[in-house]
Every structure is written in structure tokens, then in C-alpha cells.
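Just so you know, the protein sequences line up as chains W and S, in that order.
Taking the working numbering, the leading residue of the first sequence gets 924, the next gets one more, and so forth.
Taking the working numbering, the leading residue of the second sequence gets 22, the next gets one more, and so forth.
Cβ atoms here follow ideal geometry from the backbone N, Cα and C, with glycine treated the same way.
Comments concern the structure below.
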Amino acid sequence: MTGSNGNGERIVRQPISIDRFRTLLDAYGAAAERWPEVERAAALALVAESAEARTLMDDARKLDDLLDSLPVAEPSPDLTERLLAAAPVAGPAPSARQRSSWIRRSIGALWPELPAWRPAAALAAALACGLVTGAFLPAEEIGLGQQTDLSAFVLFDFDLEVGETLL
Amino acid sequence: MTQSEDDALMQRASAGDRAACGMLVQRHLRPVTAFAGRLLSDRDDAEEVAQETFLRLWTEAPRWRPGGAKLSTWLFRVAHNLAIDRIRRRRPTTPLDGGIDPVDTRPDPAQAYAADETARRVAAALADLPERQRAAIVLCHHQGLSNADAAAVLGVGVEAVESLLARGRRTLRRRLADEADA
């Protein structure tokens, strides 16, 4: 027997087996709020009636407690200020020159100690390396078609005009 | 914090509304930093990943589509990919000349990350897991994401997330058996 929750997901109303309960604990641990909503009520019903289920739950809780011992990395107070200094600015749609100015300001906000010429030099060097690599290496050697730098899946809107520098 | 509120803030942020940018940072910077910290076991690296994630958010703001991806999912996904890139760059490489690698005398960031011995062992055991198992555990256990949201971050199905979680937690339980029984 099943129903559904507000998200249209099926809610399991029939009893779940001890094997399925063990799998739930293996995956999600002993805290009921981490269990899939669709099976939570059935799993809690099993806990209420089964000593074996309660023993399994106590065992799973030990690992939960260990995982909870990991510290939390907190952002430093000045990171917020630097991020806001690099945030978009008000006004009409920016031109390419204005966008490059925004990029320069962002780099300056995030790395204030960086000398002004270095971002432009780094960009030019990276561009030159990329062109040389692309021109002279066979496709399979440079992993064409593979995404090795995962962080690159979000593309920047850096459509600088030819000959335009960052600075 | 709802998706529609985040969508509205993104629209305002893309128009240069500083208050909206501040709200977005206030809502999402801590969980993104905490997520990166647990993946990397390194506070400095976590902060750099969080910074880069938000810099990309500002760039993405004008193209943000309300009603599309959840903002938190997008942020965790970018932070996850940035963190994985860092983890892969950390791996030792074989010296080209067949010589011996110089001894790395830098302090172990995991030592600074976790203050007590138990937490250090947990951090080390977590760091030894395959990347996706580690990310699934941090997303679901520590960040409190549902299996569906974790699946969206990792780009896999819900059943795959459950499998990653179960395999990862079983491995952790074996490696941390001494602490678990204490």
C-alpha cells in the first residue's frame, strides 16, 4: 500500500523488511531525519516493534557519532568582505571593457597583494600555452573530449575583444 | 531558505544589488565552506574553494534561470568540482628522472584541521575513501541534503547515491572499528 507526499513521491505504507532496514542504516545512518521520506514511517514502525531493528540502529549510531566529531571549517570574517567587493555592480549591461574592469576589480579584491601586471601576464601565458598545446599535440594525447578539470564546467563570460588587455 | 527566495536574490544580485549579494553570502557561504573543509580536511583550501565558488556565482548571476536548478545544489556542485580538482592535484607524482622525491616538510593540513585524535582518524579514513563516496557522505550526513539533492550535486541517480553512501559507510565502519567500539 502506498500514498504520496507533497513532492509527488510515493510513501511506502507497507512494512519494510529487516534487510531493507539494514540497507537504510548502512546508507543513511541511525538518524531518522536522514532516511528517505518515502520509507521513514515504515522504518520507524519497524523500530517500534523489532528489538533486532533497535540493535542495528544502535550499532549504526556509533559511526554517526564518529562522523559528527569532524570539525566544521568556518569562513574567515574578511572572506565575506572580499566576496562583496567582487560582487556585480549596478548599472546597464556592461560592455566588454567594463567587464574587463570588473574582472580586474574582482582580482584586486580577492588578491590585493597581487601586482597589477600579473593577471594580464598570466592570462597571456596561459593562452599561449593552450594554443601551442592544441596545435602540436595529437588529440588523444591532450585528452580531447575528456573533461579533466572538473571545475571548468561553469564557463566564464570572458569575451574580451582581440588585443584588449585585462588592465 | 527556499528556492524562490534564492531565485529572487539572484535576480537582484545580477542587477548589482549589494544587499542581495550580502544575503546570498550570508545564506550559503558557511555550508559551502564546511562542505569543502570536510572534503579537503584543510581549512585554507576550503576557504579558497568557497571564494572561487562565489566568484563564479557572481559571474553566473546574469544568466541565472529562476525555477531551474536549486542555488544550493549549484553551489555544492561547483565547490565539489573545485575540491576534487585540488584533491587530484595533491596526489604524488612519480619523479621523471627516477630519483627520490624530496621529503615534504610542510605541516600536515589534516593535523591542523582536526584537533583531537579521534577526529583526525575519522578525517583520515574519510579522506581515504573514493571521491564520490566521500562526497556523498559529506553531502547527506554533514550537510543534511536529501538523497535526491545529493544525486543532483553529484550528477548521478538516487540509487547510485544510496550505493555510494552504503559502500562508504561500511568501509568507514571497518576502518574505525576501534573507535566505534570504545
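Under 8 Å by beta carbon: chain W residues contacting residue i
i	result
glutamine 72 of chain S	Leu1002, Arg1005, Leu1006 and Leu1033
glutamate 180 of chain S	The premise fails here: glutamate 180 of chain S is roughly 10 Å from chain W at the closest Cβ pair, so nothing lies under 8 Å.
Cβ neighbour criterion (16 or more within 10 Å) applied to residue i
i	result
serine 62 of chain S	buried
isoleucine 158 of chain S	buried
alanine 47 of chain S	Note that residue 47 of chain S is glutamine in the sequence shown here, rather than alanine. Flag for glutamine 47 of chain S reads exposed.
aspartate 981 of chain W	exposed
proline 52 of chain S	buried
glutamate 69 of chain S	buried
arginine 98 of chain S	buried
aspartate 942 of chain W	exposed
glutamine 937 of chain W	exposed
arginine 110 of chain S	exposed
Sub-7 Å separation of residue i and residue j beta-carbons
i	j	result
glycine 189 of chain S	glutamine 154 of chain S	yes
aspartate 27 of chain S	leucine 96 of chain S	no
leucine 1006 of chain W	phenylalanine 75 of chain S	yes
alanine 187 of chain S	aspartate 949 of chain W	yes
alanine 996 of chain W	threonine 23 of chain S	no
proline 998 of chain W	leucine 50 of chain S	yes
methionine 31 of chain S	tryptophan 85 of chain S	yes
threonine 94 of chain S	aspartate 170 of chain S	yes
alanine 976 of chain W	isoleucine 939 of chain W	no
leucine 990 of chain W	histidine 101 of chain S	no
cysteine 42 of chain S	alanine 34 of chain S	yes
valine 179 of chain S	alanine 173 of chain S	no
Alpha-carbon to alpha-carbon, residue j and residue i
i	j	result
glutamate 956 of chain W	phenylalanine 56 of chain S	19 Å
serine 25 of chain S	alanine 974 of chain W	44 Å
arginine 77 of chain S	valine 143 of chain S	31 Å
leucine 1120 of chain W	isoleucine 105 of chain S	An answer regarding residue 1120 of chain W cannot be provided, because it is not within the stretch 924 to 1090 covered by chain W.
aspartate 66 of chain S	tryptophan 958 of chain W	31 Å
arginine 141 of chain S	leucine 993 of chain W	8 Å
aspartate 199 of chain S	glycine 952 of chain W	18 Å
alanine 148 of chain S	valine 961 of chain W	31 Å
lysine 985 of chain W	leucine 197 of chain S	10 Å
isoleucine 108 of chain S	glycine 176 of chain S	19 Å
glutamate 1087 of chain W	valine 1012 of chain W	Interpretation of glutamate 1087 of chain W is limited by its pLDDT of 31, a score under 50 that renders its predicted location unreliable; the figure taken from the coordinates is listed afterwards. One C-alpha to the other measures close to 21 Å.
alanine 82 of chain S	serine 184 of chain S	34 Å
leucine 150 of chain S	alanine 36 of chain S	42 Å
leucine 979 of chain W	arginine 191 of chain S	13 Å
leucine 1073 of chain W	leucine 103 of chain S	Only weak support exists for where leucine 1073 of chain W lies, its pLDDT of 49 falling under 50; the value from the coordinates is given anyway. Leucine 1073 of chain W and leucine 103 of chain S: Cα-Cα distance of roughly 7 Å.
aspartate 38 of chain S	alanine 1010 of chain W	9 Å
glutamate 138 of chain S	leucine 969 of chain W	36 Å
arginine 5 of chain S	glutamate 972 of chain W	This structure leaves residue 5 of chain S out entirely; chain S is present only between 22 and 203.
proline 1000 of chain W	arginine 195 of chain S	39 Å
glutamine 212 of chain S	glycine 89 of chain S	In the structure as shown, chain S begins at 22 and stops at 203. Residue 212 of chain S is therefore absent and cannot be evaluated.
Any non-hydrogen atom of the ligand NAD within 6 Å of residue i CB
i	result
glutamate 1004 of chain W	Questions concerning the ligand NAD fall outside what the structure shown contains, since it holds no ligand whatsoever.
Partners in chain W for residue i, counting only beta-carbon separations shorter than 7 Å
i	result
serine 35 of chain S	Pro1011
tryptophan 79 of chain S	Ala1009, Ala1010 and Pro1011
glycine 43 of chain S	Leu1007
arginine 111 of chain S	Simply none; closest approach about 14 Å.
glutamate 183 of chain S	Ala950
valine 46 of chain S	Thr1003, Leu1006 and Leu1007
arginine 64 of chain S	Ala996
Chain S contact residues for residue i, given Cβ-Cβ distances below 7 Å
i	result
threonine 1107 of chain W	Since the first and last residues shown for chain W are 924 and 1090, residue 1107 of chain W lies out of range.
aspartate 949 of chain W	Ala187, Arg190 and Arg191
proline 998 of chain W	Leu50, Arg51, Thr54, Glu68 and Ala71
Cross-chain neighbours of residue i in chain S, by beta carbon under 9 Å
i	result
aspartate 942 of chain W	By Cβ distance, chain S contributes nothing, its closest Cβ being about 13 Å from aspartate 942 of chain W, past 9 Å.
valine 995 of chain W	Arg51, Thr54, Ala55, Gly58, Arg59 and His163
Chain S residues whose Cβ lies nearer than 8 Å to that of residue i
i	result
arginine 957 of chain W	Cys161, His162 and Gly165
alanine 979 of chain W	Reading the sequence as shown, one finds leucine at residue 979 of chain W and not alanine. Under the 8 Å cutoff, chain S gives no residues; its nearest Cβ is about 12 Å from leucine 979 of chain W.
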